[in-house]
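Read in UniProt numbering, the sequence shown has 100 at position 100, and its numbers run on one by one without any break. Even glycine gets a Cβ: it sits at the ideal position worked out from N, Cα and C.
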Amino acid sequence: MDHHKVLGLERNASKTEIREAFKKLALQYHPDKHSNSSQTVIDEFTDKFREICEAYEFLITDKAIFDSSGSRNEDDSGETSVRREPKYRASGTFGDGVWNYEGDVDPKSIKNFFYGVAFAGVLIVGSVVLKVAKRVLV
């Protein structure tokens, strides 16, 4: 589905233009506005209204994601999707296996988190050992 075409917009439409086109078409095709019509007409307007809502939701979301450093891709079906490049990439070996990481969290901060947890564990266990030793020696 060409979301811009559904709303009658150019590809470079702004968010304001998208909102205005949606409001206009939503009022025109809202099923409640045609409640006195035949069931066939109501079903047609309901389907068109859903299509308009889907196009609006996609374009508003797509623009928001695209504006924050994404790239637009069209797959084989002609659908437009957004793929953001991950901020960090890392890979390595572990035993006989290979691991890859792609994400927005720095792998060094993950490693530092686990070191911090391990250090806290050592402190807690150490304090427990000291308390037990104190009781045994006293």
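- From the DSSP output, which residues share a beta bridge with glutamate 102? The residue labelled residue 102 in the question sits at position 102 within the sequence shown. Bridge partners of glutamate 102: Arg89.
- Item | Endpoints, the alpha helix (DSSP H) within which proline 19 is located | The residue labelled residue 19 in the question sits at position 19 within the sequence shown. Note on residue identity: the sequence assigns arginine, not proline, to residue 19. First-last of the alpha helix (DSSP H) with arginine 19: 15–29.
- How many whole angstroms separate the CB atoms of tyrosine 29 and phenylalanine 45, which I take to be in contact at a CB cut-off of 8 Å? Residue numbering aside, residue 29 sits at position 29 when the sequence shown is read from its first letter. Residue numbering aside, residue 45 sits at position 45 when the sequence shown is read from its first letter. Contact flag correct, Cβ pair sits at about 5 Å.
- Residue range of the unbroken alpha helix (DSSP H) whose run includes histidine 3: Taking the first residue of the sequence shown as 1, we reach residue 3 at position 3. Taken as a continuous stretch (DSSP letters only), the alpha helix (DSSP H) holding histidine 3 covers 3–7.
- Under three-state DSSP, which class holds glycine 116? Counting from 1 along the sequence shown, the entry for residue 116 is found at position 116. Glycine 116 falls in the helix class under three-state DSSP.
- Task: With a cut-off of 8 Å on the beta carbons, I'd call leucine 25 and leucine 7 a contact; round off their distance for me.
- Result: As a working mapping, residue 25 is identified with position 25 in the sequence shown. As a working mapping, residue 7 is identified with position 7 in the sequence shown. Going by Cβ atoms, the distance from leucine 25 to leucine 7 rounds to 6 Å, so yes, they are a contact pair.
- Query: Apart from the five residues on each side of it in sequence, which residues of its chain come closer than 7 Å, Cβ to Cβ, to asparagine 100?
  - Reply: Taking the sequence shown and counting its residues from 1, one reaches residue 100 at position 100. Cβ neighbours of asparagine 100 beyond the five flanking positions: Ser91.
- Task: Report, in whole angstroms, the separation of the C-beta atoms of residue 178 and lysine 15, which I expect to be a contact under 8 Å.
- Result: An answer regarding residue 178 cannot be provided, because it is not within the stretch 1 to 138 covered by the chain.
- For histidine 4, I'd like the list of residues in its chain whose CB is within less than 6 Å of its CB, leaving aside the five on either flank, ordered along the chain. Within the sequence shown, residue 4 is the residue found at index 4, counting from 1. Result list for histidine 4: Arg11, in chain order.
- Simplified DSSP assignment, three categories, for glycine 126: Working through the sequence shown from its first residue, we reach residue 126 at position 126. Reduced to three states, the DSSP call for glycine 126 is helix.
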